[in-house]
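Undergrad: The sequence shown stops at residue 374 when you use the working numbering, and every number in between is there.
Got a structure for you, written out below as structure tokens; questions coming shortly.
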Amino acid sequence: MTGKHRIVVLGAGYAGLAAARRFASKAPDAQITVVDRRARYVERVRLHQLAAGQRIPEWDLRELLEGKGIRFVQAWATEIDTVTERVILDGAPALEYDALVYALGSKADQAGMPGAAEHAFSVATPEDAVQLLEQAGTGRMVVVGGGATGIELAAEVAQARPDSRVLLLDSREPGAWMSPRARAHVRRALERFGVEIRSNSKVIEVSAAGVLLADGELIESAVTVWTTGFGVPDLARRSGIAVESNGRMLTDATLRSVSHPNVYAAGDSAVIGGPGDRELRMACATALPTGKYAADAVVARMRGREPRKLRFRYVFQCISLGRGDGVIQFVHADDAPGRTVLTGRTAAWFKERIVRGAGRAARP
Ligand SMILES: Cc1cc2nc3c(=O)[nH]c(=O)nc-3n(C[C@H](O)[C@H](O)[C@H](O)COP(=O)(O)OP(=O)(O)OC[C@H]3O[C@@H](n4cnc5c(N)ncnc54)[C@H](O)[C@@H]3O)c2cc1C
């Protein structure tokens, strides 16, 4: 090949920005281009704060990237043409690549539940969070999903607006995957904020009136928020790249696509094997290191070396409970909960440090 190695990074979230930052330091001789549909980078792990009416940090992507010699293109990626090795963009000329890092992240997943797409809100993207904020004060908010996102949102809204009525609903206990001590703290904190908790409740339909449970009960809701999991963009699937059933790109131990050798994936939009044969979960805690690693793997092969396999371990999970409380659940390498748990102000302080550190780690 003559000329500069052309590297295209799709997505300027935690994974894409971590990859771009790494490319800028390890391969300054390459032409690096980052594509995102948004002009501004918003810290996604703070979207529950945005939905509760707080200002959260955001940066201009062009300024951030071009200051480091990385080209930024604001456009929708609509197709990856793997034959001509070009990314087709809506609103900008196509981009040719020698190596592509696919880091398009995730979005709300309301597809599997009747009525959810029409009647439920989400907190998965900045636009979703703003839309949710606009519903403030309209009546009872029912948050479906007792995972980290549902817990953080319910706590944040209830603390920010003490006169609000918030119900957190799931078929299991909020934070069911955590240790008993962590779970008990989550419940105490939510109850202190006045959040009503309903476990053992299976939703079968969402409507304008509220959520219908499997036992026939209708729980009335002015604002229903669906937080039970994330879906991913279908660009890889539509482009004929190997994906698993919900559209995440299948990767090998070096984060290379199993079907297209010059395509790599990181973050929420990739299937990545982790310790104990468990897939890595969708998390900022996964996106940052895998974005960085994907860049290392691309640069190694660009220089004619075989990269070492991804080595990954989790250390903790952090959940905020409003602005002065939280839970830090320390975990084993495979993410299974251990015995050590931090709570209260110490946990809130710890989580804020982690979130700020993640923002810094993503900024080139
Ligand atoms: C409210 C909330 C709280 C969270 N809290 C935590 C937490 O405490 N800890 C934790 O580890 N994780 C947390 N997460 C999860 C975490 O935010 C995600 O796992 C993480 O953002 C994934 O990073 P990513 O880079 O893979 O994708 P994203 O951050 O989603 O970035 C993907 C980027 O791709 C762009 N994009 C998508 N499609 C296209 C397209 N076709 N063309 C152009 N651009 C496109 C998007 O605009 C976006 O900028 C939280 C998530 C939410 C919603």
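C-beta atoms are modelled at their ideal positions from N, C-alpha and C, and glycine is treated no differently.
Mark V93 as exposed unless 16 or more other C-beta atoms lie within 10 angstroms of its C-beta, in which case mark it buried.
TA: With fewer than 16 other Cβ atoms within 10 Å, it is exposed.
Undergrad: At a threshold of 7 Å, does M292 count as lining ligand 1 (C-beta to nearest heavy atom)?
TA: At least one heavy atom of ligand 1 is nearer than 7 Å to the Cβ of M292, so yes.
Undergrad: As a quick exercise: from A165, R313 and D108, pick the residue whose alpha carbon is nearest that of A62.
TA: For the residues A165, R313 and D108, the minimum Cα distance to A62 belongs to A165.
Undergrad: Taking the alpha helix (DSSP H) that T356 falls in, what are its first and last residues?
TA: Its alpha helix (DSSP H) spans residues G354 to A372.
Undergrad: Check for me: the alpha helix (DSSP H) holding D138 runs from which residue to which?
TA: Note, D138: alpha helix (DSSP H), P136 to L143.
Undergrad: Residues in its own chain within less than 7 Å of I66 by CB, not counting five upstream and five downstream?
TA: So the list reads V52, E53, R56, Q59 and L60, once near-sequence residues are dropped.
Undergrad: Are A280 and F33 touching if we call contact CB-CB under 8 Å?
TA: In this structure, F33 does not lie closer than 8 Å to A280 by Cβ.
Undergrad: Measuring straight from C-alpha to C-alpha, what distance separates Y24 and A85?
TA: Cα-Cα distance, rounded: 18 Å.
Undergrad: For the alpha helix (DSSP H) containing T296, list its first residue and its last residue.
TA: It spans C294 to M312 - the alpha helix (DSSP H) in which T296 sits, taken as one unbroken run.
Undergrad: Note down, in chain order, each residue of its chain lying with its Cβ closer than 7 Å to the Cβ of A146, except the 5 sequence neighbours on either side.
TA: Taken in chain order, the residues that qualify are G63 and R171.
Undergrad: The beta strand (DSSP E) spanning I17 covers which residue range?
TA: R16 to L20 is the span of the beta strand (DSSP E), which, as asked, contains I17.
Undergrad: By the three-class DSSP mapping on this structure, what secondary structure does R218 have?
TA: Note on identity: in this sequence residue 218 is Ala, with Arg being the wrong assignment. DSSP places A218 in coil when its eight states are reduced to three.
Undergrad: Decide if the stretch 198-216 is in contact with the stretch 119-137; the criterion is three or more beta carbon pairs, one per stretch, under 8 Å apart.
TA: Output reads yes: the stretch 119-137 touches the stretch 198-216.
Undergrad: Round the Cβ separation of A252 and A276 to the nearest angstrom and send it over; I've been treating them as touching at under 8 Å.
TA: Not a contact, Cβ separation roughly 16 Å.
Undergrad: Using the Cα positions of G21 and D278, report the straight-line distance between them to the nearest angstrom.
TA: Going by the C-alpha atoms only, they are around 11 Å apart.
Undergrad: Shorter than 7 Å, the distance from the beta carbon of L20 to the closest heavy atom of ligand 1, or not?
TA: Yes, ligand 1 has a heavy atom inside 7 Å of this Cβ.
Undergrad: Do G155 and A186 have their C-beta atoms closer together than 8 Å?
TA: No, Cβ-Cβ distance for G155 and A186 is not below 8 Å.
Undergrad: Please tell me whether, using a cut-off of 7 Å, the distance from the CB of W236 to the nearest non-hydrogen atom of ligand 1 is below it.
TA: No, Cβ of W236 sits at least 7 Å from all heavy atoms of ligand 1.
Undergrad: Looking at ligand 1, does it come within less than 7 Å of G23, judged from the CB to the closest heavy atom?
TA: Yes, Cβ of G23 sits closer than 7 Å to a heavy atom of ligand 1.
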